[in-house]
Structure formats: structure tokens, C-alpha cells
Amino acid sequence: MKLRNLMIVGIMSFLAWSCSQKISGPKGADGSFELAEYDVAIVAYEKMLKDNPNDPRINYQIAESFRLSNRIKQAAGFYETAFENGFMSDSAHFYYAFSLKAKEQYGEARETLNSLVDDTENVPLANIARKEIENLNKIQEMSPESYYEIFTIGPINTAAAEYSPMVSNGEIYFTSNRDDTKIYKTTGTPFTDIYKAKLNGDEIDVSTVEILGDLINLPGINEGTIAFTRDGNTVVFARGNDG
Numbered sequence: 004m005k006l007r008n009l010m011i012v013g014i015m016s017f018l019a020w021s022c023s024q025k026i027s028g029p030k031g032a033d034g035s036f037e038l039a040e041y042d043v044a045i046v047a048y049e050k051m052l053k054d055n056p057n058d059p060r061i062n063y064q065i066a067e068s069f070r071l072s073n074r075i076k077q078a079a080g081f082y083e084t085a086f087e088n089g090f091m092s093d094s095a096h097f098y099y100a101f102s103l104k105a106k107e108q109y110g111e112a113r114e115t116l117n118s119l120v121d122d123t124e125n126v127p128l129a130n131i132a133r134k135e136i137e138n139l140n141k142i143q144e145m146s147p148e149s150y151y152e153i154f155t156i157g158p159i160n161t162a163a164a165e166y167s168p169m170v171s172n173g174e175i176y177f178t179s180n181r182d183d184t185k186i187y188k189t190t191g192t193p194f195t196d197i198y199k200a201k202l203n204g205d206e207i208d209v210s211t212v213e214i215l216g217d218l219i220n221l222p223g224i225n226e227g228t229i230a231f232t233r234d235g236n237t238v239v240f241a242r243g244n245d246g
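Per my numbering, the sequence shown starts with residue 4, numbered consecutively.
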């Protein structure tokens, strides 16, 4: 009986250990990465960094997770740590240059791309890098003067994202991720939905802002970028990326 109890305890302990590994160990982090749940992967990888902050592969995976979830600015430091500790990858250096560009560190981005062109044996990648060097040079020539005036519109603009406005039949439609009741595991931000508000001439009646119904917005799915045909009878919008 004692032996049987010990076996049961041992099995339960192993199962608990296995579950913890799937959540926070290499298999769990990499599994989330493969599922494109990049925000979940970042949390798991960062837990692993506590034991070995200079691990080149983990730093690279975090950098890639930020890049693939449209947060490439935050990737730069992790790319750097990966390189400093021996990680070698032409594509990683290419994307590192893009993270520097996103941070407006144009000189450093140019140096990275020049080094890549000199060192890589990947001819197609070198050609793309040369084009990006030309693009960086063009940035310096662009006027810093803005021809747009940006201002907020009451409750339409929140701390969340609002974008892609479309006017049809006296109403304005827009995309927003203001509803934070469920988080998209790829980006760590709420799912996007489509909203509308009534127009009084050129003014938006902010008291009429409402989310569209479940014919358009589904729970746990991103919807956005709505468009109408000229007669207003047909609507087209984007939907995808659940999780």
C-alpha cells in the first residue's frame, strides 16, 4: 500500500512538473511562439531569462516575438544581447537594422546594413539590404515639416487604438480595441472591433458611439477596416486572427 501511494505521489509530482514546463519552460515558450501567441511567448521567455539573462537563443526569440507582433522598437536590445553572446544570423542582423530604424537611430541602422552587405553570402538578402540603405539615405532628405494637424475628438479617441474611419449614410465607422475584456495573445492588446457614431454635418455626435452587433463583431476575433459600396448597400471588412 505504501509503495502504491508513493507511486501515485510520484506520478502526480511528475505531471505537475510537466505542466509547469509547458507553461514556463522551453517547450511552453517555443510552443506559444509557434502558435503565433507572441505576447504569451515573451512572458515565458522572460521568466527563463531570470536564470540566464545572456542566453543568446532566448534573447533572439524574444526579439523575434516583439518583431512579429509589430513591436519592433522593443526588439533592439534583445537582438543586441543575442549578438553579444554569440548568436549568428544574417536575417537577425537585417531585422535588427529595422528595429534601429524604428527607433530613429538611422546611422546605427545604416552601419548594421553595410556590415551585412559586406559579410553575408546571401545575395538576395544583400540586395534588399542595399535598397534599405538607399531608403535610409532618403529619410535624411525628407522635410521634418508636417502638413497635417492632429487633434483628439472627445470620447471617440481613447487611450486605446482608433483608426480606419469610413463615412456612410450620415454615420462614421471606425476600428478600435477599446474593449479590454479579452486580450489577443499575439500582441498582448485587446481584440479590435468596429464602432460607429452619428454625424451632424461635419461634427461627430460623440454621445452616439456604439459597437456594431454580432453580425459584424464576433467575440475573440479581430475585425476592422470597414468599407462600403457607393450605394451603401454592401459592406466589406477584415476579420481574422483569433486566439
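Ideal Cβ positions, reconstructed from N, Cα and C, are used throughout, including at glycine. Note that the structure is predicted; figures quoted are calculated from it, not measured.
Taking a cut-off of 8 Å on C-beta distances, the segment 120-128 does not touch the segment 141-152, as fewer than three cross pairs fall below it. Taking the C-beta atoms as reference points, Gly173 is found no nearer than 8 Å to Lys141.
Counting the other Cβ atoms within 10 Å of the Cβ of Met91 gives fewer than 16, which makes it exposed. A distance of 8 Å or more separates the beta carbons of Val209 and Ile175. When the five nearest sequence neighbours on each side are left out, the beta carbons in the same chain lying within less than 8 Å of the beta carbon of Thr178 are those of Ala164, Glu165, Tyr166, Ser167, Thr195, Asp196, Ile197, Tyr198, Glu226, Gly227, Thr228, Ile229, in order along the chain.
In this chain, the alpha helix (DSSP H) harbouring Asp93 covers 93-105.
Under DSSP, Leu202 shares a beta bridge with Ile207.
If the five residues before and after Ala132 are omitted, its C-beta is found closer than 7 Å to the C-beta atoms of Phe97, Leu116, Leu119, Val120, all from its own chain and listed in chain order.
In the structure shown, the three-state DSSP call for Ala230 is strand. Between Ala162 and Leu139, the gap from beta carbon to beta carbon reaches 8 Å or more. Excluding residues up to 5 positions away in sequence, Leu119, Thr123, Asn125, Leu128 lie with their Cβ nearer than 7 Å to the Cβ of Asp93 in the same chain. Straight-line spacing of the CA atoms in Gly223 and Tyr187 works out to 8 Å. Per DSSP, Tyr166 is one residue of the beta strand (DSSP E) stretching across 165-171.
Separation of the CB atoms of Leu103 and Ala79 is rounded to 6 Å, and the pair is thereby assigned contact status at 8 Å. If you look at Tyr150, you'll find it isn't in any beta strand (DSSP E); DSSP assigns it neither H nor E.
Shown here, Ser118 sits in a helix according to DSSP, grouped into three states.
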